[in-house]
Amino acid sequence: MTQTIGFIGSGMIGGSLARLAVAAGLNVVMSNSRGPETLADLVAELGDHARAATPEEAAKAGDVVVATVPLGVYDRIPANALAGKIVIDTMNYYPHRDGRIAELDSREITSSELLQRHLANSRVVKALHNMDWIRLYTRARPAGAPDRSALPIAGDDPAAKAEIIRLMDVLGYDAVDIGTLADSWRCEPRTPVYVQPYQGPSPAARMGEPEWQRWFQDAPGEPVSADQVKELVAQAVRGPVGGYFG
Ligand SMILES: NC(=O)c1ccc[n+]([C@@H]2O[C@H](COP(=O)([O-])OP(=O)(O)OC[C@H]3O[C@@H](n4cnc5c(N)ncnc54)[C@H](OP(=O)(O)O)[C@@H]3O)[C@@H](O)[C@H]2O)c1
0 MTQTIGFIGS
10 GMIGGSLARL
20 AVAAGLNVVM
30 SNSRGPETLA
40 DLVAELGDHA
50 RAATPEEAAK
60 AGDVVVATVP
70 LGVYDRIPAN
80 ALAGKIVIDT
90 MNYYPHRDGR
100 IAELDSREIT
110 SSELLQRHLA
120 NSRVVKALHN
130 MDWIRLYTRA
140 RPAGAPDRSA
150 LPIAGDDPAA
160 KAEIIRLMDV
170 LGYDAVDIGT
180 LADSWRCEPR
190 TPVYVQPYQG
200 PSPAARMGEP
210 EWQRWFQDAP
220 GEPVSADQVK
230 ELVAQAVRGP
240 VGGYFG
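Numbering that gives the first Met the number 0 puts the first residue of the sequence shown at 0, with every later residue one more than the last.
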């Protein structure tokens, strides 16, 4: 059972997941590109169960490691230090941020298969990637809560997926296994299960930036059940890949 989670990336998603993890009594080892000293405030906020480290140290320290950096730098994630580890992939392809990646654009592979190829000696599980970072934190609920949400997960190794399903349960989410990493296109950006259902009704189309920011900060979001996840994933159509920020 996971006791310590290593984080490669400690931004919005890394921070939200670390907050959920320490609230559940787990240890977290945070890392970023600029060095452990730049994570002092986050670690102080997270408390005694948290420390900062280099990416290599975080990779080695985690029973499970979360890879949560912009996809464009996926090849800087320390593969050797992650050998033998289960790696949660929260990353999504946003071409204007990450640069164009031909194999993704041509739909030859999914972004998680790209990461799995880089982390050839790790077991990659796509998970915790299809909610925005605010709702990911605020909509976590204990097991059995009537308004608990489910999230899709995908991976090639059944035992690794089982471990991540147990971890998601502790963090506040049910999981729906949607298949392999090759199947994970069904929950990538632009698919029906991606972000929007968890946010609830979209804001007015003509909302200005300040209003939109307020809405984004405060929207309570909505629960999405396992049955809804299955339906949304089944509706996915493989079209152009890559998300965009509106
Ligand atoms: N934001 C969301 O709502 C959301 C939702 C679902 C999925 N995602 C996906 O999750 C991933 C992370 O998103 P985010 O919003 O958390 O990004 P973010 O806030 O920009 O944080 C990125 C983190 O990655 C670190 N990083 C960058 N290059 C690195 C490297 N070479 N080695 C180690 N750490 C590195 C950054 O450290 P420095 O600051 O020191 O550079 C930062 O801590 C992305 O792929 C994104 O598409 C985001």
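All residues carry an ideal CB built from backbone N, CA and C; glycine is no exception.
The residue among 133, 104, 117 and 86 with its C-alpha nearest the C-alpha of residue 124 is 86.
When DSSP reads this structure, residue 135 sits in no beta bridge, so it has no partner.
Under the three-state reduction of DSSP, residue 84 is assigned to coil, being neither helix nor strand. About 16 Å separates the Cβ atoms of residue 114 and residue 129, ruling out a contact at the 8 Å cut-off. Between residue 3 and residue 71, the beta carbon gap of about 28 Å keeps them out of contact (Cβ cut-off 8 Å). Per the coordinates, the alpha-carbon of residue 179 lies some 8 Å from the alpha-carbon of residue 156. Cβ-Cβ separation between residue 190 and residue 153: approximately 12 Å, too far for a contact (criterion under 8 Å). Distance between residue 214 and residue 133, taken at the CA atoms: about 11 Å. Contact annotation: the region 2-18 touches the region 48-65, with at least three C-beta pairs closer than 8 Å.
If you compare the alpha carbons of 14, 10 and 25 with that of residue 1, the shortest gap goes to 25. For ligand 1, a non-hydrogen atom lies closer than 6 Å to the CB of residue 75.
Residue state for residue 177 is assigned as coil, using DSSP reduced to three classes. Taking the Cβ of residue 152 as the reference point, every heavy atom of ligand 1 lies at 6 Å or farther away. In the pairwise beta carbon analysis, the region 93-104 is classified as not touching the region 137-149: fewer than three pairs are separated by under 8 Å.
Within the region 209-243, complete beta strand (DSSP E) segments of at least 3 residues are not found at all.
Between residue 232 and residue 169, the gap from beta carbon to beta carbon reaches 7 Å or more. Residue 15 and residue 136 have their C-alpha atoms some 5 Å from each other.
Residue 106 and residue 188 have their C-alpha atoms some 13 Å from each other.
Counting the other CB atoms within 10 Å of its CB gives residue 35 a total of 16 or more, which places it among the buried residues. The beta carbon of residue 45 sits closer than 8 Å to the beta carbons of 17, 18, 21, 27 and 29 from its chain, once the five residues preceding and following it are set aside; these are given in chain order.
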